[in-house]
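Structure, as structure tokens:
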Amino acid sequence: MHEVNVKKIIDSVKQLCMSSNYYLPEDVMRLLVKDYKTEESPIGKKCLEQIIENARIAEKKNMPICQDTGITCVFVELGQDVRISGGNLDDAINEGIRQGYTEGYLRKSVVADPLNRKNTGDNTPGSIHIDIVPGNSLKIFVMPKGGGAENMSKISMLPPSAGVEGVKRFVLNTVKSAGPNPCPPIIVGVGIGGTFDSVGILAKKSLLRSLDSPNPDIYYANLERELLEEINDLGIGPQGLGGRITALAVLIRKHPCHITSIPVAVNIQCHAARHKEIVL
Amino acid sequence: MKEMKLTTPLTNESINQLKSGDSVLLNGIIYTARDAAHQRLITQNDRPFKLQGAVIYYTGPTPAKPGEIIGSCGPTTSYRMDEYSIPLIQEGLKGMIGKGPRSQYVIDAMKEYRAVYFAAPGGAGAFLSKFIKKCELAAYEDLGPEAIYKLEVTDFPVIVINDIYGNDFYNEVNPL
Numbered sequence: 001m002h003e004v005n006v007k008k009i010i011d012s013v014k015q016l017c018m019s020s021n022y023y024l025p026e027d028v029m030r031l032l033v034k035d036y037k038t039e040e041s042p043i044g045k046k047c048l049e050q051i052i053e054n055a056r057i058a059e060k061k062n063m064p065i066c067q068d069t070g071i072t073c074v075f076v077e078l079g080q081d082v083r084i085s086g087g088n089l090d091d092a093i094n095e096g097i098r099q100g101y102t103e104g105y106l107r108k109s110v111v112a113d114p115l116n117r118k119n120t121g122d123n124t125p126g127s128i129h130i131d132i133v134p135g136n137s138l139k140i141f142v143m144p145k146g147g148g149a150e151n152m153s154k155i156s157m158l159p160p161s162a163g164v165e166g167v168k169r170f171v172l173n174t175v176k177s178a179g180p181n182p183c184p185p186i187i188v189g190v191g192i193g194g195t196f197d198s199v200g201i202l203a204k205k206s207l208l209r210s211l212d213s214p215n216p217d218i219y220y221a222n223l224e225r226e227l228l229e230e231i232n233d234l235g236i237g238p239q240g241l242g243g244r245i246t247a248l249a250v251l252i253r254k255h256p257c258h259i260t261s262i263p264v265a266v267n268i269q270c271h272a273a274r275h276k277e278i279v280l
Numbered sequence: 001m002k003e004m005k006l007t008t009p010l011t012n013e014s015i016n017q018l019k020s021g022d023s024v025l026l027n028g029i030i031y032t033a034r035d036a037a038h039q040r041l042i043t044q045n046d047r048p049f050k051l052q053g054a055v056i057y058y059t060g061p062t063p064a065k066p067g068e069i070i071g072s073c074g075p076t077t078s079y080r081m082d083e084y085s086i087p088l089i090q091e092g093l094k095g096m097i098g099k100g101p102r103s104q105y106v107i108d109a110m111k112e113y114r115a116v117y118f119a120a121p122g123g124a125g126a127f128l129s130k131f132i133k134k135c136e137l138a139a140y141e142d143l144g145p146e147a148i149y150k151l152e153v154t155d156f157p158v159i160v161i162n163d164i165y166g167n168d169f170y171n172e173v174n175p176l
């Protein structure tokens with residue numbers, strides 16, 4: 001039995017909130033630089049240059065990459081042989097968010113009530129998902145998710161007859177209708193399967209995969225490649241001002257589902273594709 | 001597509017020359033306002049700043065660290081402000097800065113009442129903060145990150161999306 005005190009969790013979440021907002025992941029930066037070279041549109045190239053410069057300024061000055069420091073999405077893989085001591089896991093994560101957003105000069109972007117809309121003042125509560133897994137370690141992923149890209153995300157319950165073509169059409173239409181809004185070049189997280197409630201989580205979790213590692217399933221790896229090609233044929237381009245690079249990557253996560261349906265969710269991530277993780 | 005400098009407050013004369021796709025470096029005073037501030041602006045009669053000739057920047061910056069003027073300060077998505085924009089344009093608002101396309105009814109109002117819409121680079125708030133030389137709270141402090149701030153900017157880089165002639169640069173680049 002591995003014991004983890006909540007103080008360690010609070011401090012880790014606090015640090016992850018700050019570092020994820022200041023430092024763009026290296027795999028995202030590498031792709032931006034690579035795609036800058038292939039972008040043909042002059043205005044698209046200029047936009048990519050600004051985006052790269054922005055990330056470098058943020059890193060150097062320890063300041064947020066984007067003013068929308070997001071709702072804090074937290075994914076926890078809790079080993080079943082871990083014992084949390086000193087308090088409650090959910091409370092500890094929210095305390096970490098509170099401290100990270102306050103001490104890290106991050107924007108507080110959460111309202112307590114969707115209709116009465118009073119800001120909670122400390123960016124809590126986070127959007128927390130906990131999975132119990134085998135083992136004795138505790139893994140925490142923090143993903144600050146901006147509202148602009150989140151608002152362009154969609155879910156559909158397709159019939160089995162729609163097949164892979166129906167899924168592709170839905171993904172392409174979602175990206176097309178999002179247009180310049182979600183700050184392209186985007187990363188397209190796609191969940192396929194599961195149920196109405198779980199497919200959105202699949203799509204969001206797909207965004208945690210490293211852009212350097214291909215989909216482990218060859219069928220889906222090919223589908224990701226085809227979709228990326230077709231998305232980049234749309235012409236939306238960086239910042240929606242025209243060009244080749246509309247998306248940096250398509251990431252699919254799948255799950256078994258009912259004989260009646262193909263649930264599909266598209267969770268759009270902006271070019272400030274921020275996430276960091278720690279194992280305790 | 002031209003490149004030029006403009007100073008606020010904007011006048012009909014200064015925006016007549018702007019065409020969709022032009023690059024503009026903005027100078028002078030601009031005011032921040034996003035969803036909650038807009039809602040308050042259109043439901044209240046008192047104006048925390050003079051709308052005639054004004055430029056509104058759709059943004060909610062991150063808090064300034066000690067010794068800094070402002071935090072990260074990039075544009076938010078503009079279509080959410082469409083619902084509130086027409087009365088402000090009718091009152092004399094001349095410029096809006098954000099990202100993403102506007103509704104046709106806002107584009108029509110920009111043509112009728114002479115106002116322009118600019119896009120600033122989305123998700124580049126650290127980069128854009130370099131062009132902000134002063135920042136002070138102007139109104140609605142209780143709205144926190146959605147309060148109205150008065151910003152003084154120097155050569156703030158934007159692109160004209162909608163001019164006063166009814167053109168839409170996003171649509172020119174990628175026709176619907």
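First to last, the sequence lines map onto chains W and E. Using the numbering used here, you'd call the opening residue of the first sequence number 1 and step up by one each time. Using the numbering used here, you'd call the opening residue of the second sequence number 1 and step up by one each time. Note that CB positions come from ideal geometry on N, CA and C, so glycine has one too.
| Query | Result |
| --- | --- |
| Cutoff 7 Å: Pro180 of chain W Cβ touching any chain E Cβ | yes |
| Cα-Cα separation between Pro125 of chain W and Ala139 of chain E, rounded to whole angstroms | 27 Å |
| CB of Gly191 of chain W within 7 Å of CB of Leu208 of chain W, strictly | no |
| Proximity of Phe131 of chain E and Ile97 of chain E at Cβ, strictly below 7 Å | no |
| Contacts that Gly60 of chain E makes with chain W (C-beta to C-beta distance below 8 Å) | Gln67, Asp68, Arg107, Ser109 |
| Reference Phe141 of chain W, options W:Asn222, W:Lys204, W:Leu241, closest by Cα | W:Lys204 |
| N-terminal and C-terminal residue of the alpha helix (DSSP H) that Lys124 of chain W is part of | Looking at the sequence provided, one finds Thr at residue 124 of chain W rather than Lys. Neither: Thr124 of chain W is in no alpha helix (DSSP H) and is coded neither H nor E. |
| Through-space distance from Thr69 of chain W to Gly71 of chain E, alpha-carbon basis | 11 Å |
| Same chain, Cβ closer than 6 Å to Gly21 of chain E, neighbours up to 5 away in sequence not counted | Met1, Phe169 |
| Burial state of Ser153 of chain W (16 or more Cβ within 10 Å) | buried |
| Cutoff 8 Å; reference Gly163 of chain W; Cβ partners in own chain excluding five residues on either side | Ile262 |
| Collapsed DSSP secondary structure at His2 of chain W in the structure displayed | strand |
| One or two residues paired with Arg114 of chain E in a DSSP bridge | In the DSSP output, where bridge partners are listed per residue, Arg114 of chain E has none listed. |
| Among E:Glu172, E:Pro75, E:Ile161, nearest to Phe127 of chain E - alpha-carbon criterion | E:Pro75 |
| Cα-Cα separation between Val116 of chain E and Ser109 of chain W, rounded to whole angstroms | 28 Å |
| Ala178 of chain W vs Ile268 of chain W beta-carbon contact at 7 Å | yes |
| DSSP beta-bridge partners of Asp168 of chain E | E:Asn162 |
| Reduced DSSP category for Ile218 of chain W - H, G, I as helix; E, B as strand; rest coil | helix |
| Phe75 of chain W, buried or exposed, once every other Cβ within 10 Å from all chains shown has been counted against 16 | buried |
| Chain-ordered neighbours of Gly74 of chain E on chain W, where CB pairs are closer than 7 Å | Cys66, Gln67 |
| Start-to-end residues for the beta strand (DSSP E) that takes in Arg285 of chain W | The structure shown has nothing for residue 285 of chain W, since chain W only spans 1 to 280. |
| One or two residues paired with Cys73 of chain W in a DSSP bridge | W:Ser127, W:Met143 |
| Contacting positions in the region 22 to 34 of chain E - beta carbon closer than 8 Å to chain W | none |
| Stretch-stretch touch, CB-based, cutoff 8 Å, three pairs: the region 45 to 52 of chain W with the region 77 to 90 of chain W | no |
| Same chain, Cβ closer than 6 Å to Cys135 of chain E, neighbours up to 5 away in sequence not counted | Ile69, Ile70, Tyr149, Leu151 |
| Range of the contiguous beta strand (DSSP E) that encloses Ser23 of chain E | 23 to 32 |
| Cross-chain neighbours of Glu224 of chain W in chain E, by beta carbon under 8 Å | Going along chain E, no residue has its Cβ under 8 Å from Glu224 of chain W, so there is no contact; the nearest lies around 23 Å. |
| Cα-Cα separation between Asp113 of chain W and Asn119 of chain W, rounded to whole angstroms | 8 Å |
| Contact set between Ala170 of chain E and chain W, taken where Cβ atoms lie within less than 8 Å | With the sequence shown as reference, residue 170 of chain E is identified as Tyr, and Ala is not the correct amino acid for it. Within 8 Å Cβ-Cβ: Gly179, Pro180, Gly240, Leu241. |
| Beta strand (DSSP E) segment containing Ser156 of chain W, residue limits | 154 to 158 |
| Supposed close pair Ala249 of chain W, Gly200 of chain W - CB separation, criterion 8 Å | That pair is no contact at about 19 Å. |
| Nearest neighbour of Pro66 of chain E, chosen from W:Glu59, W:Gly104, W:Asn94 [CA to CA] | W:Gly104 |
| Coil, strand or helix - Asn173 of chain W by DSSP | helix |
| Lys50 of chain E versus Val279 of chain W: straight-line alpha-carbon distance, rounded | 53 Å |
| Val188 of chain W vs Ala247 of chain W beta-carbon contact at 7 Å | yes |
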